[in-house]
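When the letters of the sequence shown are read in order and numbered with our numbering, they come out as residues 51 to 226. Working notes, beginning with the structure itself.
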Amino acid sequence: MSVIAIGSRQNLPGRARVARPRTGPTLTITVDLAPGAMSPRLTRLMELLNELAESGEGRLAHDGRLSDDEVVERDVVADPSVVRILTGPRVVRQGDRAVPLTRIEYDLLLFLAERPRRVFTRMQLLDSVWGYSHAVARTVDVHVRRLRAKLDTPLLTTVHGVGYRLADEARVIIEP
């Protein structure tokens with residue numbers, strides 16, 4: 051398996067609150083190679099990736115040692131206080147554990163994580179997350195309670211008399 055991380059020249063549209071400062075966006079490409087000969091197209095892809103790495107536009111791990119950035123990234127992934135929301139596969143991970151969430155729980159967490167420090171009323175959450183506002187407002191309370199029970203860190207804050215928001219101390223990373 052070859053892993054190459056290439057810094058992007060443009061800022062990619064992202065919604066992530068990154069747990070550590072980065073000098074620039076990165077793209078990590080993982081290629082799982084099956085035993086046997088590579089196809090001509092895969093061979094050309096590997097050549098292009100090696101050219102990028104050798105030209106200084108990327109970085110190639112030849113000896114299997116982790117760079118400082120990779121060590122920090124590994125520590126962030128293993129940290130149980132960090133919640134990672136993977137939007138592609140719609141998976142939430144806390145540390146190295148996958149957190150099983152229902153569709154609504156996932157959508158609610160993602161909605162609040164994308165809008166930190168904003169308070170939403172129950173009716174706003176019903177309209178934005180559920181897609182309708184004719185349900186009972188206490189439905190939101192039930193889903194927030196279940197979400198809190200499934201996560202080991204306090205992510206959601208109740209603003210009494212108003213609604214809910216992402217906690218200030220919440221360490222959430224949103225990844226594509």
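Ideal placement from N, C-alpha and C gives every residue a C-beta, glycine not left out.
Subject >> Cutoff 8 Å; reference alanine 148; Cβ partners in own chain excluding five residues on either side >> reply: Answer for alanine 148: Val141 and Val142, listed in chain order.
Subject >> Proximity to leucine 201 [Cα-Cα], best of Ala187, Val222, His184 and Val209 >> reply: With distances taken between CA atoms, leucine 201 lies nearest to Val222 out of Ala187, Val222, His184 and Val209.
Subject >> Sequence-distant residues of its chain with Cβ nearer than 7 Å to leucine 206 (five each side left out) >> reply: Excluding residues up to 5 positions away in sequence, Leu162, Val194, Leu197, Arg198, Tyr214, Leu216 and Ala217 lie with their Cβ nearer than 7 Å to the Cβ of leucine 206 in the same chain.
Subject >> Span of the beta strand (DSSP E), counted from its first residue to its last, around alanine 148 >> reply: According to the DSSP assignment, alanine 148 belongs to the beta strand (DSSP E) that extends over 147-149.
**OP:** Note down the Cα distance separating threonine 208 from leucine 83, rounded to an integer number of angstroms.
**Re:** The straight-line gap from Cα to Cα measures roughly 48 Å.
**OP:** Starting from phenylalanine 170, follow its DSSP beta bridges and name the residues at the other end.
**Re:** DSSP lists Tyr214 as partners of phenylalanine 170.
**OP:** Check whether the Cβ of tyrosine 156 lies closer than 9 Å to any Cβ atom in chain C.
**Re:** Here chain C cannot be found, since the structure has a single protein chain.
**OP:** Specify the secondary structure class of valine 194 as computed by DSSP and reduced to three states.
**Re:** Helix at valine 194.
Original post:
Identify the residues that DSSP records as bridge partners of threonine 152: which are they?
Top reply: None, per the DSSP bridge assignment.
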